[in-house]
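Undergrad: Counting along the sequence shown from 1, when you hit position 168 you're at 168 in UniProt numbering, and nothing is skipped either side. C-beta: ideal position from N, C-alpha, C; glycine also.
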Amino acid sequence: MEMRYDKEIDDLFARFQKGVALIKGDPSLFRGKLYMSVKDVNPNDQKGVLDEFVTKVQKLVGANKESNFLLDLYSGQLDINCSPPLGTIGYYQSLMHAQNFVENSLGGDKDMGFRSGKAFLNCIRLVLAKITILDWTSLDEGTKQFQLSEICSQLPGVIRTGCIVPQEYVTKEGVIASYLKEDILSGSNGKVLDVDVQTMCTEYPAMAEKWGVLNAHVNFDKLSDWTIDFGFDCCSTSDETVAHVHNAMKMLLQRFLDMNESVRVHMCGNGHECQGMCDEKGICRVDVFLKQSSKTFTGARGSFQFTFQEMNGSRKKCSMLLPPGQQTHQGAHTCIHVSDGDQVGEIIHYCEVRCPCCSYFCKKKHGHFGSHTTSHGNMRNTYFLSDAEEIDVEERKYKTGERGIAEMCNVYCSKMGREHVHYVNCDQRSTAKCVYSGSTTDQRRHCIRALDPKPEKEVDEILHEQFWKTLGWEDPCTSKLELELFGKCGYKCDAPIHDDKPSYCILPAWHTPEPKPSSGFDGFTYVSGHKFECSHVASGGKIHHVFVLDCSGSMRGHPWNDLLAAVREYIYNRIADGGSLDLVSIVTFDSSSKIVYEAQNITTLTKAGIPYRGGGTTFAAGLRAASEVLSRVNFDVYKPAVVFFSDGQPCDPLPGEQLALHIKACYQKYGLLAFAVGFGRINLSILERVAQKMGGAYHQVLTGNELKTTFFSISASLSSRAGLALANPVHERNCVICGQDLASEETVNLKPCDHELHTACLEVLVRNAEQDGECARCPSCRCKISS
């Protein structure tokens with residue numbers, strides 16, 4: 001690690017903190033010490049570096065007292081080594097320090113670590129596999145499945161030799177060397193595996209007589225495992241002759257079974273496992289599936305790759321062992337198998353409630369108290385709502401109405417940051433009756449913005465913390481510092497000095513306007529009711545709007561009146577959104593240009609007149625005057641926004657494009673916002689190129705009403721608020737039997753659980769249950785279906 005801290009180290013510790021609740025469930029993990037080596041530190045600076053690290057760690061641990069990465073991942077152990085520059089004596093001393101750490105801390109405690117390199121390799125393979133598919137469920141179940149798979153792969157070798165042998169030697173002819181054979185006792189989990197003839201006779205009474213006769217000839221209890229080799233399995237060979245013989249024998253056996261008309265019920269003298277499904281309440285097992293390592297999200301604004309995984313619940317088979325001669329057992333079917341030394345409480349059934357956003361099952365025990373919790377996945381049950389048409393989530397580009405399937409519950413909220421909102425249906429269904437005021441206590445208020453797409457019902461906008469509380473789920477974000485930021489005001493100072501580290505209003509989200517103290521300067525800056533720690537004059541989102549309006553001959557009459565109405569709508573909307581301290585400049589152009597108003601307060605131009613001239617159309621004239629206005633903008637206070645409007649083909653397309661490119665080059669570093677609006681159908685591709693050259697967005701409108709709406713949306717986008725709204729979950733939109741959309745066929749609601757299935761699927765379910773002599777049960781909750 002290099003000697004660079006502040007933002008980089010803060011980000012590093014924040015990422016550590018986010019991972020606290022992810023990988024867990026195995027006592028062999030996270031028992032070590034966090035060792036950090038800071039390189040290229042001069043001896044005189046070592047104390048300052050250590051103090052800096054300690055301060056940052058104390059800050060993070062203090063903010064996350066209940067659960068922090070240092071305690072959960074490293075047992076609260078931290079060692080920091082400051083390494084002097086290469087070539088100095090101190091550099092080699094620091095290497096000795098690292099060596100001592102490895103020898104004493106990593107290899108000194110015999111109780112720590114793994115029993116063998118193989119056990120360590122298996123654990124690492126499992127952890128990396130779960131990280132790859134973003135599976136944050138407990139390692140316990142995955143470890144069992146991994147061990148079961150490994151045992152199945154080892155069985156051929158165990159059957160052949162009585163020992164564990166490498167997989168590639170199982171099918172080889174010849175003698176297997178003794179050093180390749182691993183004693184099955186030491187190769188297991190450490191428990192003594194003692195299987196004698198008496199045990200086998202007790203477990204399988206029908207074979208007791210044969211075991212006894214065979215043991216009279218060969219004393220199995222005194223026979224060493226490694227002295228046995230029954231030879232390789234000839235059925236697994238690729239030799240064509242053997243394969244043909246094997247297939248012929250299988251066909252003859254199947255023919256014999258088909259012709260056999262004896263009693264079909266198999267009643268041998270051995271016990272059998274019950275074949276029924278578990279009837280316990282809850283979910284027996286949850287599995288995370290990586291359906292495809294990478295999917296492509298294709299939207300209106302482009303496409304990108306994302307990782308997709310889903311969690312499914314399943315029921316296990318009944319674990320009851322039926323005695324010889326019986327086909328049923330007393331009591332309900334259960335997958336809980338209790339043997340000597342096992343605790344019933346260790347075997348749980350999971351809560352069957354799914355996260356409304358990602359459909360992941362709650363990982364708590366069925367019937368638990370308090371909020372639900374899970375590891376969370378893709379937000380496939382959500383879609384984007386906003387008062388602006390375009391939504392940017394970091395580098396990903398969305399349009400309103402598109403699904404949030406590429407985002408994940410915890411990661412999305414981290415990306416959106418301060419004051420981000422979610423949308424939920426209003427309980428009262430109207431603004432007048434809504435009981436939420438948007439205070440810092442309820443963190444919820446009725447949405448009065450014009451959202452796109454228009455929701456079917458009235459909605460409330462709700463802050464992050466209250467959103468998850470309302471859903472009844474624990475917050476997927478675990479960092480206390482991050483959670484505090486979500487509840488802070490998102491008003492931002494756009495001064496260039498803050499490009500590396502933005503400065504925000506320090507008040508809570510949705511706060512009431514903070515008045516500037518009358519006693520004088522108190523160390524803070526107040527802008528539009530927001531409070532900043534900046535010592536300079538904070539912009540806090542103030543904008544200097546520059547309108548560049550085409551007043552050529554083709555705009556005579558209604559087009560010009562519609563344009564003036566759209567500009568006034570823009571101004572009124574900006575004032576309503578809190579931009580009363582913004583400035584406005586208005587440039588008109590035909591074959592020449594004129595700066596009609598410059599740097600006027602936006603509230604003074606609500607009814608200002610803009611004279612019409614009439615003439616040719618020269619883009620360069622208008623853009624040159626706009627550049628002149630921009631050169632006089634105070635960028636420490638205002639962010640520039642240019643709205644360029646025209647309805648026709650200019651006589652100077654190339655100079656116009658060159659000036660647009662010049663404006664971008666000069667003012668983009670100040671956060672330039674650029675929009676070009678084309679009116680009518682007359683060859684407006686040049687306008688699209690102008691918008692592109694300025695690094696902005698292009699809009700085309702055909703009527704006066706569309707023009708008014710477009711100007712309104714541009715104004716709204718300067719202070720837009722986007723969020724995800726809940727749609728019907730996938731497990732409620734798709735039939736759980738066939739997996740198809742419930743809307744594609746006739747459906748029926750089951751009683752009493754009210755789960756929905758396709759009518760045809762229900763008929764098949766009931767028919768199969770009747771054939772098995774059982775009651776039909778809901779595949780989701782296992783309730784008996786009433787007629």
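#1: Kindly indicate the opening and closing residues of the alpha helix (DSSP H) around Gly-212.
#2: What did DSSP end up calling Val-170 once you bin it into helix, strand or coil?
#3: Using the Cα positions of Leu-726 and Ala-509, report the straight-line distance between them to the nearest angstrom.
#4: What ranges does the beta strand (DSSP E) occupy inside the segment 528-572, keeping only unbroken runs of at least 3 residues that lie completely in it?
#5: So what's Cys-493 in DSSP terms, helix, strand or just coil?
#6: According to DSSP, is Arg-380 helix, strand or coil?
#7: From the DSSP secondary-structure annotation, give me the bridge partner or partners of Pro-508.
#8: I need the straight-line Cα distance from Leu-34 to Asn-381, nearest angstrom please.
#9: Output the distance between the C-alpha atoms of Lys-39 and Gly-523, rounded to the nearest integer angstrom.
#10: Contact defined as beta carbons within less than 8 Å: I believe His-544 pairs with Pro-640. What is the distance between those atoms, to the nearest angstrom?
#11: Are the CB atoms of Val-633 and Glu-598 within a distance shorter than 8 Å?
#12: From the DSSP output, read off the bridge partner residues of Ile-391.
#13: May I have the straight-line CA-CA distance separating Met-200 from Ala-208, to the nearest angstrom?
#14: Measure the Cβ-Cβ separation of Lys-56 and Asp-10 and say whether it is below 8 Å.
#15: Can you list, in chain order, the stretches of the alpha helix (DSSP H) that have 4 or more residues and sit fully within the segment 650-705?
#16: Classify Lys-47 as buried or exposed, calling it buried when 16 or more other Cβ atoms lie within 10 Å of its own Cβ.
#17: Tell me the rounded alpha-carbon separation between Gly-313 and Cys-278.
#18: Report the option in Gly-117, Pro-513 and Thr-143 whose CA atom is closest to the CA atom of Val-127.
#19: Can you have a look at Pro-453 and say buried or exposed, based on whether 16 or more other CB atoms are within 10 angstroms of its CB?
#20: Apart from the five residues on each side of it in sequence, which residues of its chain come closer than 8 Å, Cβ to Cβ, to Ser-437?
#21: Measure the Cβ-Cβ separation of Ile-462 and Val-424 and say whether it is below 8 Å.
#22: To the nearest angstrom, how far is it from the Cα of Gly-377 to the Cα of Trp-468?
#23: What does the alpha-carbon distance come out to for the pair Thr-604 and Tyr-383?
#24: With a threshold of 8 Å, are at least 3 pairs of Cβ atoms found where one atom belongs to the segment 578-594 and the other to the segment 603-622?
#25: Taking just the CA atoms, how far does Gly-695 sit from Asp-590?
#26: Just the Cα atoms here: how many angstroms apart are Arg-418 and Arg-429?
#27: Give the secondary structure of Ile-283 by DSSP, where H, G and I count as helix, E and B as strand, and everything else as coil.
#28: Could you check if Gln-305 is buried or exposed, using at least 16 other CB atoms within 10 Å of its CB as the buried criterion?
#29: Could you have a look at residue 806 and say whether DSSP puts it in helix, strand or coil?
#30: Note down, in chain order, each residue of its chain lying with its Cβ closer than 6 Å to the Cβ of Phe-486, except the 5 sequence neighbours on either side.
#31: Given the structure, does Val-353 come close to the ligand MG, in the sense that its CB is under 7 Å from one of the ligand's heavy atoms?
#32: What three-state label does DSSP hand Gln-275 in the structure shown?
#33: If contacts are defined as beta-carbon pairs under 8 Å, then Pro-559 and Asp-647 qualify, I think. What distance do you get, rounded to the angstrom?
#34: Near Glu-624, what residues of its chain come up, given a Cβ to Cβ distance below 7 Å and the 5 sequence neighbours on each side ignored?
#35: Where does the unbroken beta strand (DSSP E) through Asp-460 begin, and where does it stop?
#36: Three or more C-beta pairs closer than 8 Å, one from the segment 362-371 and one from the segment 316-333: is that the case here?
TA: Let me spell this out:
#1: Secondary structure note for Gly-212: its alpha helix (DSSP H) is the uninterrupted segment 208-217.
#2: Here Val-170 sits in coil by DSSP.
#3: A direct Cα-to-Cα measurement between Leu-726 and Ala-509 gives close to 22 Å.
#4: Note on the segment 528-572: whole beta strand (DSSP E) runs with a minimum of 3 residues are 530-532 and 543-550, in chain order.
#5: Looking at Cys-493 - three-state DSSP - the assignment turns out to be strand.
#6: Three-state DSSP puts Arg-380 in coil, outside helix and strand.
#7: According to DSSP, Pro-508 bridges with Lys-488.
#8: Taking C-alpha positions only, Leu-34 is separated from Asn-381 by approximately 39 Å.
#9: If you take the alpha carbons of Lys-39 and Gly-523, they lie about 38 Å apart.
#10: Their Cβ separation, rounded to whole angstroms, is 5 Å, which keeps His-544 and Pro-640 in contact under 8 Å.
#11: Contact: no.
#12: Ile-391 pairs with Tyr-398.
#13: Between the alpha carbons of Met-200 and Ala-208 lies a gap of roughly 7 Å.
#14: With contacts defined as CB atoms closer than 8 Å, Lys-56 and Asp-10 qualify as a contacting pair.
#15: Runs of the alpha helix (DSSP H) inside the segment 650-705: 653-667 and 685-693.
#16: Around the beta-carbon of Lys-47, fewer than 16 other beta-carbon atoms lie within 10 Å, marking it exposed.
#17: When only Cα atoms are considered, Gly-313 and Cys-278 end up about 13 Å apart.
#18: Comparing alpha carbon positions, the residue from Gly-117, Pro-513 and Thr-143 closest to Val-127 is Thr-143.
#19: In this structure Pro-453 is exposed. Its beta-carbon is surrounded by fewer than 16 other beta-carbon atoms within 10 angstroms.
#20: Taking Ser-437 as the centre and dropping the five residues before and after it, the same chain places the C-beta of Arg-445 closer than 8 Å to its C-beta, in chain order.
#21: Yes, the Cβ-Cβ distance between Ile-462 and Val-424 is below 8 Å.
#22: Each residue's Cα considered, the two are about 15 Å apart.
#23: Thr-604 and Tyr-383 have their alpha carbons spaced roughly 40 Å apart.
#24: With a cut-off of 8 Å on Cβ pairs, the segment 578-594 is in contact with the segment 603-622, counting three or more such pairs.
#25: Approximately 24 Å between the Cα atoms of the pair.
#26: So the alpha carbons of these two residues sit roughly 27 Å apart.
#27: If DSSP states are grouped into helix, strand and coil, Ile-283 belongs with the strands.
#28: When all chains shown are included, Gln-305 counts as exposed.
#29: As shown, the chain starts at 1 and ends at 787. That puts residue 806 outside it, with no answer to give.
#30: Setting aside the 5 residues that flank it on each side, Phe-486 is surrounded in the same chain by His-464, each with a C-beta closer than 6 Å to its C-beta; the list follows chain order.
#31: In terms of ligand content, the structure shown is empty, and the ligand MG therefore cannot be addressed.
#32: Here Gln-275 sits in coil by DSSP.
#33: Contact holds; Cβ gap of about 6 Å.
#34: Rather than Glu, the amino acid found at residue 624 in this sequence is Arg. Same-chain partners within the cutoff: Ser-593 and Leu-659.
#35: Where Asp-460 is concerned, the enclosing beta strand (DSSP E) stretches over 459-463.
#36: Fewer than three Cβ pairs drawn from the segment 362-371 and the segment 316-333 lie within less than 8 Å of each other, which leaves the two stretches out of contact.
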